[in-house]
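Contents: one structure, followed by commentary.
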Amino acid sequence: MSRASASPAALANWASDPQRTRGRRHAEPPAPTRNDFQRDRDRIVHSTAFRRLVYKTQVFLNHEGDLFRTRLTHSIEVAQLARSIARTMRLNEDLCEAISLAHDLGHTPFGHAGQDALDERLRQADPDSPGFEHNFQSLRVVDVLEQRYPLFDGLNLSFETREGILKHCSRRRALALEADEPGGVGRRFLERSAPSLEAQICNLADEIAYNAHDIDDGVRSGLLVYERLTELPLFMRFHMLALQGAPALSGRRLLYETLRRMLSALVYDVIDASTALIDAQRPATADAARAGPPLITFSAAMGGELRQVNAFLRRELYRHAQVVRTTEGAKRVVRDLFDAYLAQPGQLPAEHARRLPLQQTVVDYIAGMTDRFALKEHLRLTGVAIDLTDVHGAPDRS
Ligand code: MG
Numbered sequence: 001m002s003r004a005s006a007s008p009a010a011l012a013n014w015a016s017d018p019q020r021t022r023g024r025r026h027a028e029p030p031a032p033t034r035n036d037f038q039r040d041r042d043r044i045v046h047s048t049a050f051r052r053l054v055y056k057t058q059v060f061l062n063h064e065g066d067l068f069r070t071r072l073t074h075s076i077e078v079a080q081l082a083r084s085i086a087r088t089m090r091l092n093e094d095l096c097e098a099i100s101l102a103h104d105l106g107h108t109p110f111g112h113a114g115q116d117a118l119d120e121r122l123r124q125a126d127p128d129s130p131g132f133e134h135n136f137q138s139l140r141v142v143d144v145l146e147q148r149y150p151l152f153d154g155l156n157l158s159f160e161t162r163e164g165i166l167k168h169c170s171r172r173r174a175l176a177l178e179a180d181e182p183g184g185v186g187r188r189f190l191e192r193s194a195p196s197l198e199a200q201i202c203n204l205a206d207e208i209a210y211n212a213h214d215i216d217d218g219v220r221s222g223l224l225v226y227e228r229l230t231e232l233p234l235f236m237r238f239h240m241l242a243l244q245g246a247p248a249l250s251g252r253r254l255l256y257e258t259l260r261r262m263l264s265a266l267v268y269d270v271i272d273a274s275t276a277l278i279d280a281q282r283p284a285t286a287d288a289a290r291a292g293p294p295l296i297t298f299s300a301a302m303g304g305e306l307r308q309v310n311a312f313l314r315r316e317l318y319r320h321a322q323v324v325r326t327t328e329g330a331k332r333v334v335r336d337l338f339d340a341y342l343a344q345p346g347q348l349p350a351e352h353a354r355r356l357p358l359q360q361t362v363v364d365y366i367a368g369m370t371d372r373f374a375l376k377e378h379l380r381l382t383g384v385a386i387d388l389t390d391v392h393g394a395p396d397r398s
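So this is what it looks like as structure tokens:
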């Protein structure tokens with residue numbers, strides 16, 4: 001049976017409906033040509049945090065090669081996958097697009113290395129600090145840090161988009177959010193309920209995207225060896241199918257064809273497994289779908305195989321000696337920046353220096369930086385140039 005539909009089908013009863021949004025924190029008149037989720041997406045695309053994603057590391061540093069994923073292209077790939085799944089399942093494509101494009105806005109420069117360094121410094125400075133967490137920072141970006149509109153801070157997005165952006169949250173932070181906004185985006189972490197089905201789709205689309213594109217970037221960098229990938233049953237299956245379809249295929253085209261088939265299969269698997277679960281429960285509304293355990297899922301078999309891919313990438317790529325070496329340099333940059341601004345708040349731009357508390361201001365400022373701006377600031381403040389280039393030998397730049 002074909003899963004494709006030529007014209008947009010009516011939304012399912014359990015889909016998020018912009019007509020029934022729980023609304024924005026600051027009331028605004030409706031937009032004449034766009035629904036609320038489309039408007040959220042547009043506000044995200046026009047934000048400064050979104051533009052900075054192009055110079056933020058996904059796995060490989062931005063300046064290591066023009067063809068590696070950045071946070072921006074990663075976010076666009078997540079949006080593409082999430083929209084495909086949502087459209088086929090008659091869920092809300094616009095909401096998926098908005099959540100996907102915003103899901104990584106809170107990432108620090110240098111990916112997880114930057115996050116770990118900030119978290120460590122915050123906890124050292126104040127043992128009572130909840131630390132740094134990129135999901136919470138993404139929400140801070142859209143709720144507080146973007147300053148574009150006359151009447152409110154942040155982008156004033158709909159509840160459903162903010163709910164999807166806050167993928168994880170500690171109980172402590174959830175309590176603080178709940179105190180500030182009763183019944184808002186912190187509530188589900190206290191009640192342990194699920195987010196909208198669209199938010200659940202974005203979580204899995206994120207997983208599909210990074211596992212697939214990190215294989216591609218890993219091979220391109222020369223750090224992953226193609227032959228080792230065939231140890232993975234999931235990869236091997238589509239490698240064989242690619243060769244069955246075109247026996248002469250080799251090199252980069254074989255890798256692309258294998259990944260293309262793998263991506264499609266993962267998307268179809270989510271659609272089929274989730275549709276079966278939803279058909280069994282048939283929630284009456286989008287809220288009813290939030291009440292139980294998540295309904296968007298991989299099949300058990302595919303989920304297991306994807307976890308193998310992730311464990312492999314962790315071992316062979318994310319903890320590769322050369323990646324770790326870059327990571328250590330990147331952590332030093334972020335730690336030094338944190339120390340320098342705390343010691344000399346006058347080094348912050350004037351509009352930041354006025355904001356309190358200082359520690360939070362410093363964290364927000366550093367978290368917002370692109371990789372290259374962080375390196376430039378590090379040189380300006382410490383006089384030390386940290387060289388994070390050329391750690392990967394001679395990558396394949398084709
Ligand atoms: Mg992501």
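In this text, residue positions in the sequence shown follow this note's numbering: the first is 1, and each later residue adds one. The beta-carbon is built from N, C-alpha and C at its ideal position, and this holds for glycine as well. If you're wondering where the values come from, they're calculated on a predicted model, not measured in any experiment.
- Task: Measure the C-alpha to C-alpha separation of residue 408 and residue 286 and round it to an integer number of angstroms.
- Result: No answer is possible for residue 408: it lies beyond the span of the chain, which begins at 1 and ends at 398.
- Query: Closer than 5 Å from C-beta to any heavy atom of the ligand MG: which residues, in chain order?
  - Reply: 104, 206
- Item | Range of the contiguous alpha helix (DSSP H) that encloses residue 192 | In the sequence shown, residue 192 corresponds to position 192, counting from 1. Residue 192 -> no alpha helix (DSSP H), and no H or E assigned at all.
- Item | Runs of alpha helix (DSSP H) lying entirely within the segment 16-92, each at least 4 residues, in chain order | 36-45, 48-52, 71-88
- Task: Assign residue 379 to buried or exposed, taking buried as 16 or more other Cβ atoms, counted over all protein chains shown, within 10 Å of its Cβ.
- Result: Position 379 of the sequence shown, counted from the start, is the residue given in the question as residue 379. Flag for residue 379 reads exposed.
- Indicate the three-state DSSP secondary structure (helix, strand or coil) for residue 168 in the structure shown. Sequence index remark: in the sequence shown, residue 168 carries index 168 (1-based). In this structure, residue 168 counts as coil in the three-state DSSP scheme.
- Message: Restricting to Cα atoms, I'd like to know which of 148, 69, 14, 25 is closest to residue 47.
- Response: The sequence position of residue 47 within the sequence shown is 47, counting from 1. Nearest option by C-alpha distance: 148.
- Task: Would you identify the three-state DSSP class for residue 305, choosing helix, strand or coil?
- Result: Here residue 305 refers to the residue found at position 305 when the sequence shown is read from its first residue. Helix at residue 305.
- Task: Would you mind sorting residue 245 into buried or exposed? The rule is 16 or more other CB atoms within 10 Å of its CB.
- Result: The residue given as residue 245 occupies position 245 in the sequence shown. Per the 10 Å Cβ criterion, exposed.
- Message: Just to confirm, is the Cβ distance from residue 139 to residue 16 under 9 Å?
- Response: For the purposes of this step, residue 139 is identified with residue 139 of the sequence shown, where counting begins at 1. For the purposes of this step, residue 16 is identified with residue 16 of the sequence shown, where counting begins at 1. Not a contact, by the Cβ cut-off of 9 Å.
- Query: How many angstroms separate the CA atom of residue 69 from the CA atom of residue 203?
  - Reply: Residue 69 sits at position 69 when you count from the first residue of the sequence shown. Residue 203 sits at position 203 when you count from the first residue of the sequence shown. If I take the Cα positions, the gap works out to 18 Å.
- Query: Would DSSP call residue 233 helix, strand or coil?
  - Reply: As a position in the sequence shown, residue 233 is number 233, starting the count at 1. Helix at residue 233.
- Task: Note down, in chain order, each residue of its chain lying with its Cβ closer than 7 Å to the Cβ of residue 114, except the 5 sequence neighbours on either side.
- Result: Within the sequence shown, numbered from 1, the residue matching residue 114 stands at position 114. Here the set comprises 108, 330, 334.
- Query: For residue 104, which three-state DSSP category applies?
  - Reply: Position 104 of the sequence shown, counted from the start, is the residue given in the question as residue 104. In the structure shown, residue 104 sits in coil (DSSP, three-state: anything other than H, G, I, E or B).
- Query: By how many angstroms is the C-alpha of residue 271 removed from the C-alpha of residue 81?
  - Reply: The residue labelled residue 81 in the question sits at position 81 within the sequence shown. The residue labelled residue 271 in the question sits at position 271 within the sequence shown. Between residue 81 and residue 271, the C-alpha separation is close to 11 Å.
- Sorted by chain position, which residues of the same chain lie with C-beta nearer than 6 Å to residue 155's C-beta, five sequence neighbours on each side aside? Locating residue 155 in the sequence shown gives position 155, where the first residue counts as 1. Same-chain partners within the cutoff: 43, 142, 146.
- Task: Enumerate in chain order the residues of its own chain whose CB-to-CB distance from residue 195 is below 7 Å, with the five nearest sequence positions on each side excluded.
- Result: Position 195 of the sequence shown, counted from the first residue, corresponds to residue 195. Only 163, 164, 188, 290 meet the Cβ criterion.
- Can you list, in chain order, the residues of its chain whose CB lies under 6 Å from that of residue 104, leaving out five sequence neighbours each side? The sequence position of residue 104 within the sequence shown is 104, counting from 1. These residues qualify, in order along the chain: 71, 75.
- Same chain only: Cβ atoms within 7 Å of residue 226, ignoring 5 sequence neighbours per side: In the sequence shown, counting from the first residue as 1, residue 226 sits at position 226. 219, 255, listed in sequence order.
- Task: Could you tell me if residue 250 is buried or exposed, where buried requires 16 or more neighbouring beta carbons within 10 angstroms of its beta carbon?
- Result: Walking along the sequence shown from the start, residue 250 turns up at place 250. The residue in question, residue 250, is exposed, as its Cβ has fewer than 16 Cβ neighbours within 10 Å.
- Item | Under 9 Å between C-beta atoms of residue 186 and residue 205 | As a position in the sequence shown, residue 186 is number 186, starting the count at 1. As a position in the sequence shown, residue 205 is number 205, starting the count at 1. Their beta carbons are not under 9 Å apart, which means residue 186 does not touch residue 205 by this criterion.
- Query: Nearest to residue 198 by alpha carbon, out of 23, 252, 90?
  - Reply: Taking the first residue of the sequence shown as position 1, residue 198 is located at position 198. Here the closest residue by C-alpha is 90.
- Query: Exposed or buried, what is residue 157 when buried is set at 16 or more other beta-carbons lying within 10 Å of its beta-carbon?
  - Reply: As a first step, residue 157 must be located in the sequence shown, where it is residue number 157. It counts as buried.
- Beta-carbon separation of residue 370 and residue 78 under 9 Å? Position 370 of the sequence shown, counted from the start, is the residue given in the question as residue 370. Position 78 of the sequence shown, counted from the start, is the residue given in the question as residue 78. In this structure, residue 78 does not lie closer than 9 Å to residue 370 by Cβ.
- What three-state label does DSSP hand residue 134 in the structure shown? Locating residue 134 in the sequence shown gives position 134, counting from the first residue. If DSSP states are grouped into helix, strand and coil, residue 134 belongs with the helices.
- Among 381, 365, 200, which one has its Cα closest to the Cα of residue 137? The residue given as residue 137 occupies position 137 in the sequence shown. Closest option to residue 137, Cα to Cα, is 365.
- Message: To the nearest angstrom, how far is the alpha carbon of residue 352 from that of residue 222?
- Response: Counting from one through the sequence shown, the residue named residue 352 turns up at place 352. Counting from one through the sequence shown, the residue named residue 222 turns up at place 222. Taking the straight line from one Cα to the other gives about 41 Å.
- With 16 other Cβ atoms within 10 Å as the buried cut-off, status of residue 49: For the purposes of this step, residue 49 is identified with residue 49 of the sequence shown, where counting begins at 1. It counts as buried.
- Please name the residue, chosen from 112, 160, 252, that lies closest to residue 20 on a Cα-to-Cα basis. Walking along the sequence shown from the start, residue 20 turns up at place 20. The shortest C-alpha separation from residue 20 is found at 160.
- Item | Option nearest residue 307 by Cα separation, candidates 153, 211, 10 | The residue given as residue 307 occupies position 307 in the sequence shown. Of the listed residues, the one whose Cα sits closest to residue 307 is 211.
- Query: When burial is assigned at 16 or more other CB atoms within 10 Å of the CB, is residue 383 buried or exposed?
  - Reply: Taking the sequence shown and counting its residues from 1, the one referred to as residue 383 is at position 383. So residue 383 ends up on the exposed side.
- Where does residue 274 fall in DSSP's three states? If you number the sequence shown from 1, residue 274 lands on position 274. Helix, per DSSP.
- Let me know the secondary structure DSSP gives residue 344 once reduced to three states. Looking up residue 344 in the sequence shown gives position 344. It is coil, neither helix nor strand.
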